[in-house]
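What follows is a single structure, written as structure tokens, with notes after it.
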Amino acid sequence: MSHPSDVVFDPAAAYPDIPVLTAALARRDWSACRALLDSVSPADRTSLIRTAGDEKDLEGFLREVLRKDPRDGAASALLGFHLIYLGWEIRTAAWAKDVTPEQWAGFRDHLCQAEQALIDASAYDRSDAAVWTARLLAARGLSLGSAESRRRYDRLSAAVPHHLPGQMELAWGLEPKWFGSWEELHEFARDSALAAPPGSPHGLLLAEAFFARYTTADNDAERGSLLHDQRMRNDLYRVAEHSVLHPEFRRDYGWVRAANTFAAYFALVQDQPNTARMFGVLGNLAVADPWSHQEADAAVRIRQARTWAFGGAR
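According to the numbering used here, the sequence shown is numbered sequentially starting from 12.
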């Protein structure tokens, strides 16, 4: 087996439908967009729509699509994600205390516009997973709380069980900084991962939940406690065996992120064979998180971990 020395963060390398969709959007060819979105799985459809929501200057085009066909759920979901993206661009990633009143107003206005577009879409089709996933994101941004987010998630899971993009959206909301707790997040992530079909990438839910807690720990002692928590480790390995370590692990939506996050976890706990196994699955594909928020730093750490995993010095 060859082990590439480069690290590729571009998601299009693993998901070639991304540039196809963005090119169709750039041409304003909605028929081509729909042909692609209608041909993929619900999880891939939601992921593609969310990714494309970050493209520039889509609002006028999508509103025209919806003027011609108000029942077009793909256009509604894409408009919803796009408006939410624009709202966060106005708010920025600054701490809440540093966001100006004008930024808060612009942020909320865009999220309320997104919410209205998504409510209209839900009225036409209550089973559109991309719409419900966008509504989960809007609920978090608008601080609508746990009960409303859970209600939206229940509607999503009733329509499309084991919908990983929507499960990830709820999981982020279960972090203590939003409306949940670490225990609630852990239980949801573990149970959802184990309920998914064997070999699915849903183990990502628990791996990301672990790193969300690990990377925000106050000190080394707290991080060490998490690493040595036997229940935590047992659950992570149980989920990994059901997911990324399963002999039928599939290249479904989220597979790169799942294998990448478990590679980081196995490296952290000095499990050399399973770290190597994850890197063998990934090849040169990677995601910066949880190695680092900066791709350059993440690439260095990934190369170091990969060299160690395949028998070199660390």
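No residue lacks a Cβ here, since even glycine has one placed at the ideal position from N, Cα and C.
In whole angstroms, what is the alpha-carbon distance linking residue 58 and residue 109? Straight-line Cα distance between these residues: approximately 31 Å.
Does the Cβ-Cβ distance between residue 184 and residue 191 come in under 8 Å? Cβ atoms of residue 184 and residue 191: closer than 8 Å.
In whole angstroms, give me the CA-to-CA distance for residue 65 and residue 248. Here the C-alpha atom of residue 65 lies approximately 35 Å from the C-alpha atom of residue 248.
Determine the burial state of residue 12: buried for a count of at least 16 other Cβ atoms within 10 Å of its Cβ, exposed for fewer. No answer about residue 12 holds up, because its pLDDT of 38 lies below 50 and its placement is not dependable.
Please report the distance separating the alpha-carbon of residue 233 from that of residue 226. Residue 233 and residue 226: Cα-Cα distance of roughly 10 Å.
Quick check on residue 296: does DSSP put it in helix, strand or coil? It is a strand residue.
Could you pull the start and end residues of the alpha helix (DSSP H) that residue 121 belongs to? Unbroken alpha helix (DSSP H) run through residue 121: 112-135.
Could you check whether the Cβ of residue 301 sits closer than 7 Å to any heavy atom belonging to the ligand COA? This structure lacks the ligand COA, and indeed carries no ligand of any kind.
Our contact map puts residue 250 next to residue 201 with C-beta atoms below 8 Å; I'd like the distance itself, whole angstroms only. About 6 Å separates the beta carbons of residue 250 and residue 201, which is inside the 8 Å limit, making them a contact pair.
Return the chain-ordered list of same chain residues with a C-beta closer than 7 Å to the C-beta of residue 203, the five sequence neighbours on each side being excluded. Listed in chain order, the non-local C-beta contacts of residue 203 below 7 Å within the same chain comprise 178, 213 and 216, local neighbours out to five positions each way being set aside.
By Cβ distance below 6 Å, which residues in the same chain neighbour residue 14 in space, the five residues on each side in sequence not counted? The predicted position of residue 14 is uncertain, since its pLDDT is 47 and thus under 50; no value can be drawn from it.
According to DSSP, simplified to helix, strand and coil, what is residue 76? Residue 76 falls in the helix class under three-state DSSP.
Might you give, ordered along the chain, the residues of its own chain that have their beta carbon closer than 6 Å to the beta carbon of residue 292, omitting 5 neighbours on each side? The answer, listed in chain order, is 270.
Going by Cα to Cα distance, which pick from 276, 97 and 88 is closest to residue 133? Selected option, being the one with the closest Cα: 88.
Please check the pair residue 140 and residue 94, which I expect to be a contact at CB under 8 Å, by giving their CB distance rounded to whole angstroms. A Cβ-Cβ separation of about 19 Å leaves residue 140 out of contact with residue 94 under the 8 Å criterion.
Mark residue 75 as exposed unless 16 or more other C-beta atoms lie within 10 angstroms of its C-beta, in which case mark it buried. When all chains shown are included, residue 75 counts as exposed.
Return yes when the Cβ of residue 39 is within less than 8 Å of the Cβ of residue 72, no when it is not. Result yes, Cβ atoms of residue 72 and residue 39 sit closer than 8 Å.
Spatial neighbours of residue 164 in its chain, beta-carbon cut-off 7 Å, leaving aside the 5 residues before and after: The beta carbon of residue 164 sits closer than 7 Å to the beta carbons of 147, 177 and 181 from its chain, once the five residues preceding and following it are set aside; these are given in chain order.
Buried/exposed call for residue 112, threshold 16 Cβ in 10 Å: It is exposed - the Cβ of residue 112 has fewer than 16 other Cβ atoms within 10 Å.
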